[in-house]
Amino acid sequence: MSPDQSNWSFFAEHRAEIFSATLDHMALVVIAMIIAILIGVPLGMFIVQRPTLRAIALAVASIFQTVPSLALFGFLIPIPFIGGIGKRTAIVALVIYALLPILRNTYVGLTGIDPAVLEAAEAMGMTNAQILFRVRLPLALAVILAGIRTATIITIGVATIAAAIGAGGLGTFIFRGVALVSDSLILAGAIPAALLALLADFLLGLVERKLKVS
Amino acid sequence: MNAKTEEFLGNLIEFREVSFHINDIPTRSILSGISLAVSHGETLVLLGRSGSGKTTLLRLMNGMLFPTQGEVLVQQRSTCDWDLIRLRRGIGYVIQEAGLFPHFTVAENVALVPTLEKWDRGRTAARVSELLILVGLEPTEFADRRPRELSGGQRQRVGVARALAADPPILLMDEPFGALDPVTRAELQREFSALARRLGKTIVFVTHDLREALLLASRIVLLEAGRIVAMASPQEFLRLEHPEVRAFAASLEAAPGATP
Numbered sequence: 000m001s002p003d004q005s006n007w008s009f010f011a012e013h014r015a016e017i018f019s020a021t022l023d024h025m026a027l028v029v030i031a032m033i034i035a036i037l038i039g040v041p042l043g044m045f046i047v048q049r050p051t052l053r054a055i056a057l058a059v060a061s062i063f064q065t066v067p068s069l070a071l072f073g074f075l076i077p078i079p080f081i082g083g084i085g086k087r088t089a090i091v092a093l094v095i096y097a098l099l100p101i102l103r104n105t106y107v108g109l110t111g112i113d114p115a116v117l118e119a120a121e122a123m124g125m126t127n128a129q130i131l132f133r134v135r136l137p138l139a140l141a142v143i144l145a146g147i148r149t150a151t152i153i154t155i156g157v158a159t160i161a162a163a164i165g166a167g168g169l170g171t172f173i174f175r176g177v178a179l180v181s182d183s184l185i186l187a188g189a190i191p192a193a194l195l196a197l198l199a200d201f202l203l204g205l206v207e208r209k210l211k212v213s
Numbered sequence: 000m001n002a003k004t005e006e007f008l009g010n011l012i013e014f015r016e017v018s019f020h021i022n023d024i025p026t027r028s029i030l031s032g033i034s035l036a037v038s039h040g041e042t043l044v045l046l047g048r049s050g051s052g053k054t055t056l057l058r059l060m061n062g063m064l065f066p067t068q069g070e071v072l073v074q075q076r077s078t079c080d081w082d083l084i085r086l087r088r089g090i091g092y093v094i095q096e097a098g099l100f101p102h103f104t105v106a107e108n109v110a111l112v113p114t115l116e117k118w119d120r121g122r123t124a125a126r127v128s129e130l131l132i133l134v135g136l137e138p139t140e141f142a143d144r145r146p147r148e149l150s151g152g153q154r155q156r157v158g159v160a161r162a163l164a165a166d167p168p169i170l171l172m173d174e175p176f177g178a179l180d181p182v183t184r185a186e187l188q189r190e191f192s193a194l195a196r197r198l199g200k201t202i203v204f205v206t207h208d209l210r211e212a213l214l215l216a217s218r219i220v221l222l223e224a225g226r227i228v229a230m231a232s233p234q235e236f237l238r239l240e241h242p243e244v245r246a247f248a249a250s251l252e253a254a255p256g257a258t259p
């Protein structure tokens, strides 16, 4: 029996487990992304007019991104409320990783608008809120979505490591495979994770193209 | 707002000893000692080189900027006392490159102020069609296009239509035709000149092009380094002896045969 066949038969035998781990994985990613968007986009809107806060927020988000993911999971375990073993800690870590691309792109999108458009908006008597919601946000949407797309792909990858702190998902197969020196097990985690990332990239890319103006 | 304007036929805009400095540093003065009255129905052209302060002067009129010293009165009320949103919605504004909203259609762009003012749909649609015809764009052909699908001249026409949408008594224009090719520019200048006479709006128009000033102005104000150095009707302007006037007149002679 060739190794290929053994992989395929392994996948076939364990397809129910792989499927449920994939669902767990997606749940982790989706929850983390929703929270990261709910924090990142409003925060990005908030820091547009506040240079000091902007420097701080972007610096903090960048620093978090440089911490190796396994280390970040480790650091979070002893922290009360948000830490510990399990899904909640994993989600906190994933949110921290997803935040920078969303925050940065929200800020860049909102500020990278043709000054003539903003001047006209102001001079025509639009209020600041109207300028934000009717001009800046719609024009920034494609750029913000590009940030969400990057963040989603990062999160799908980093979420495999969340298995190390007992959060489940596709990483469970990978860690078990590494421990048992089993390629089949590693691939059972790695292939669906890669496919998820490709699929998310493709779908969000479609939406992004739809939103692009001019 | 319109009814109020009709009753009032004096100076629509008045500058009283206005100076404008950046960061309150008097040495970095953009405008100094400006006194100026814009009366009802006139087309006042602010002429000057780049950096002479003409755009700043214009932006003081709709509260985009406020004077460091002195005061700017619009309909006899200081811009500092106006509700800025109300003030600006009563003043049309056209800039170079038009500044149209790229995510709006032509119709939505023109309908901006009526939409903000919550006009009903029918009245807005009728007004948009009326304005597009006024600026020479066929509504059925152009209403649903996006700004990127228009030529520079067409965009500028939409910019004028948008500024006129809520029928403001005052129109501020900052080099609106500056970025157009010479042929389109001449075409728009001619049409706009006829339009301006017909509408009876009070217009303040910024340009560095003397030919454009002579064509459009009922009065020309020449700015040099933040000060008014000459003020005259187009007929008198070319006869003035001030060196800056002569410099501009020389620029006109440099292009023979192009006099309007």
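Chains as they are written, first to last, in numbering that gives the first Met the number 0: chain A, 0 to 213; chain B, 0 to 259. Even for Gly, the Cβ is constructed at its ideal location relative to N, Cα and C. All values reported here derive from a predicted model rather than from experimental measurement.
So, for residue i: in the same chain, excluding its five sequence neighbours on each side, which residues have a beta-carbon less than 8 Å away from its beta-carbon?
| i | result |
| --- | --- |
| A/I34 | I90, V94 |
| A/N6 | D182, S183, L186 |
For a quick check, are the C-beta atoms of residue i and residue j less than 7 Å apart?
| i | j | result |
| --- | --- | --- |
| B/H39 | B/T201 | yes |
| B/V205 | B/E252 | no |
| A/A141 | A/K211 | yes |
| A/A60 | A/L98 | yes |
| B/L30 | B/S18 | yes |
| B/L198 | B/T42 | no |
| B/L46 | B/A212 | yes |
| B/K53 | B/L222 | yes |
| B/A16 | B/G69 | Looking at the sequence itself, residue 16 of chain B is Glu, so the reference to Ala does not match. In this structure, B/G69 lies closer than 7 Å to B/E16 by Cβ. |
| A/F174 | A/A158 | no |
| B/G62 | B/L35 | no |
| B/V182 | B/R144 | no |
| A/T151 | A/A199 | yes |
| A/G156 | A/I101 | no |
| B/L170 | B/M60 | no |
| B/V220 | B/M230 | yes |
| B/L11 | B/V37 | yes |
Rounded to whole angstroms, how far is the Cβ of residue i from the Cβ of residue j, which I believe are closer than 8 Å?
| i | j | result |
| --- | --- | --- |
| B/I84 | A/G124 | 5 Å |
| B/G151 | B/A185 | With 8 Å as the limit, B/G151 and B/A185 do not qualify as a contact, their Cβ atoms being about 14 Å apart. |
| B/V157 | B/A97 | 7 Å |
| B/S217 | B/S232 | 7 Å |
Can you give me the Cβ contacts of residue i inside the same chain, cut-off strictly under 7 Å, excluding the 5 residues immediately before and after it?
| i | result |
| --- | --- |
| B/D180 | none |
| B/R147 | P101 |
| B/R161 | N108, V109, L111 |
| A/R103 | L57, G146 |
| A/L75 | I81, G82, T88, V91, A92 |
| B/T67 | S18, F19, H20, D23 |
| A/L169 | A20, T21, H24, T159, G188, P191, A192 |
| A/G165 | I84, G85 |
| A/A31 | I90, L93, V94, A97, T154 |
| A/E207 | A141, L144, A145, R148 |
CB-CB under 6 Å to residue i, same chain, minus the five flanking residues each way: which ones, in chain order?
| i | result |
| --- | --- |
| B/V159 | V93, V134 |
| A/L71 | A92 |
| A/F63 | I95 |
| B/T258 | Low per-residue confidence applies at B/T258: pLDDT is 48, beneath 50, and the placement is therefore not dependable, though the value from the model is reported in the following sentence. Result list for B/T258: empty, nothing under 6 Å. |
| B/L64 | R58 |
Is residue i helix, strand or coil when you go by DSSP?
| i | result |
| --- | --- |
| B/A248 | helix |
| B/E240 | coil |
| B/F141 | helix |
| B/K3 | Model confidence at B/K3 stands at a pLDDT of 45, short of 50, so the residue's coordinates are unreliable; what they give is reported in the following sentence. It is helical. |
| B/E190 | helix |
| B/M172 | strand |
| B/F266 | Lying before the first or after the last residue shown, residue 266 of chain B is absent from chain B, which here runs from 0 to 259. |
| B/R48 | coil |
| A/H24 | helix |
| A/L144 | helix |
| B/V203 | strand |
| A/F80 | coil |
| B/A257 | Its pLDDT being 49, under 50, B/A257 is placed unreliably in this model, and the value from its coordinates should be taken loosely. DSSP places B/A257 in coil when its eight states are reduced to three. |
| B/T104 | coil |
| B/I33 | strand |
| A/S291 | Since the first and last residues shown for chain A are 0 and 213, residue 291 of chain A lies out of range. |
| A/R208 | helix |
| A/E118 | helix |
| A/S213 | Caution applies to A/S213, whose pLDDT of 49 falls short of 50 and renders its modelled position unreliable; the value that the coordinates give is listed next. A/S213: coil per DSSP, three-state reduction. |
| B/R76 | strand |
With DSSP as the reference, identify every bridge partner of residue i, one or two as the case may be.
| i | result |
| --- | --- |
| B/S217 | Looking at the DSSP assignment, B/S217 forms no beta bridge with any residue, so it has no partner. |
| B/I227 | B/L222 |
| B/V93 | B/M172 |
| A/T88 | DSSP output for A/T88 lists no bridge partner at all. |
| B/N10 | B/S38 |
| B/E211 | For B/E211, which the question treats as bridged, DSSP gives no partner whatsoever. |
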